[in-house]
Every structure is written in C-alpha cells, then in structure tokens.
Ligand code: RB5
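In the working numbering, the protein residues as written are 440 to 588.
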C-alpha cells in the first residue's frame with residue numbers, strides 16, 4: 440500500500456510545494472494536496488487548518504505546510520491540540536524535530552529555503568523516527584499546558 444501524506448501551501452509556498460510534491464511522488468507517496476493551486480493570493484490560516492485537521496483526526500500520520508517564511512503556518516497549525524508542527528531550516532532541525540518533538544507536520548519557508556536544502560530537510564524528516572523515552576514524557580506535557588498554569 441502506498442504511504443499517504445497531506446500537503447498544503449499558500450501562494451508564497453506554492454513554487455516549493457510543486458517541487459516537493461514531485462519528489463514525494465517519485466518516492467511512491469500518495470500526495471493529497473489541499474491547495475493552493477496557483478500563485479494567486481490566499482490566506483495561509485485556511486490552508487493550515489485543512490492540513491492540521493486531517494492530521495489531528497488521524498486520517499494522515501503526517502503533513503507538510505509551506506508559506507513564505509513558514510512562521511504563519513506554524514502558528515496556525517499549532518493551535519490544534521494534537522499537532523506538533525515544526526518549522527525546519529536545515530537537516531539538523533528536521534532530524535531533531537522528529538527525534539525529540541515527534542513532529543507530525545513539517546513546515547517550510549518557501550521564500551527562505553533553496554530547493555536542495557528543502558529536499559534534504561524533507562528526506563531527513565521523513566526517515567527519522569521519534570526517540571520516545573524522556574522525549575515522550577516531554578511531548579505528553581504539552582497537553583497539560585493551559586492558560587491557568
Ligand atoms: C504571505 O505574503 C506571507 O505572509 C505568508 O506566506 C507567510 O510567510 C506568513 O507567515
């Protein structure tokens with residue numbers, strides 16, 4: 440069975456999304472793209488919501504979000520309780536976002552990253568497993584955070 444992944448971008452992330460979508464398909468992923476589909480301006484929180492909701496409800500294990508800097512998508516995606524969206528800039532942040540934070544959404548800055556760096560980040564993020572143990576305990580602590588504590 441093909442591995443499935445959900446991906447979304449705004450207009451600023453669209454060119455990089457086209458590149459990474461192709462790379463994922465070449466690695467035999469079934470890629471579900473929730474938009475946008477051209478360079479016309481859209482609102483990144485709407486796209487972040489579409490991807491995050493499906494990862495949070497378990498339909499997809501992992502998702503990818505791309506905007507201009509990656510910052511807006513990260514803020515929006517992390518509003519969802521079950522989402523651990525990590526903005527990665529290089530292979531090291533990609534590796535540790537999986538090993539330590541059990542990242543379930545990779546966020547990239549389409550206007551920040553070069554194509555090769557983005558490909559490398561994606562590959563490292565996809566192949567790196569969560570380390571568990573003390574990192575699991577810390578990740579579990581996210582759910583204990585409230586406005587009051
Ligand atoms: C769009 O102009 C830009 O604000 C968006 O892509 C992103 O960088 C937001 O954080």
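All residues carry an ideal CB built from backbone N, CA and C; glycine is no exception. All of these numbers come straight from a predicted model, not from anything done at the bench.
Report yes if the CB atom of residue 560 is closer than 8 Å to the CB atom of residue 529, and no otherwise. As a first step, residue 560 must be located in the chain shown, where it is residue number 121. As a first step, residue 529 must be located in the chain shown, where it is residue number 90. Yes, the Cβ-Cβ distance between residue 560 and residue 529 is below 8 Å.
Residue of 540, 566, 508 and 565 minimising C-alpha distance to residue 449: Within the chain shown, the letter at position 10 stands for residue 449. Taking only the C-alpha atoms, the option nearest residue 449 is 508.
Kindly list the residues whose CB is nearer than 8 Å to the CB of residue 522, restricted to its own chain and excluding five residues on each side of it in sequence; keep chain order. Reading the chain shown from its first residue, position 83 is the one you call residue 522. Here residue 522 has 491, 494, 495, 516, 543 and 544 as same chain residues with Cβ atoms under 8 Å from its own Cβ, once five neighbours each way along the sequence are excluded.
Express the C-alpha separation of residue 578 and residue 572 in angstroms, rounding to a whole number. By 1-based counting over the chain shown, the position of residue 572 is 133. By 1-based counting over the chain shown, the position of residue 578 is 139. Going from the Cα of residue 572 to the Cα of residue 578 covers about 10 Å.
Nearest CA to the CA of residue 500: which residue from 446, 555 and 511? Position 61 of the chain shown, counting from 1, holds the residue named residue 500. Among 446, 555 and 511, the Cα nearest to that of residue 500 is on 446.
Identify whether residue 511 lies in helix, strand or coil by the three-state DSSP scheme. By 1-based counting over the chain shown, the position of residue 511 is 72. Helix at residue 511.
Whole runs of the alpha helix (DSSP H) within the region 481-557, excluding any shorter than 4 residues: 483-495, 510-516 and 530-538
If you check the beta carbons only, do residue 567 and residue 534 fall under 8 Å apart? Residue numbering aside, residue 567 sits at position 128 when the chain shown is read from its first letter. Residue numbering aside, residue 534 sits at position 95 when the chain shown is read from its first letter. Going by C-beta atoms, residue 567 is nearer than 8 Å to residue 534.
Beta carbon of residue 525: closer than 7 Å to some heavy atom of the ligand RB5? As a working note, residue 525 is residue 86 in the chain shown. Every heavy atom of the ligand RB5 is 7 Å or more from the Cβ of residue 525, so no.
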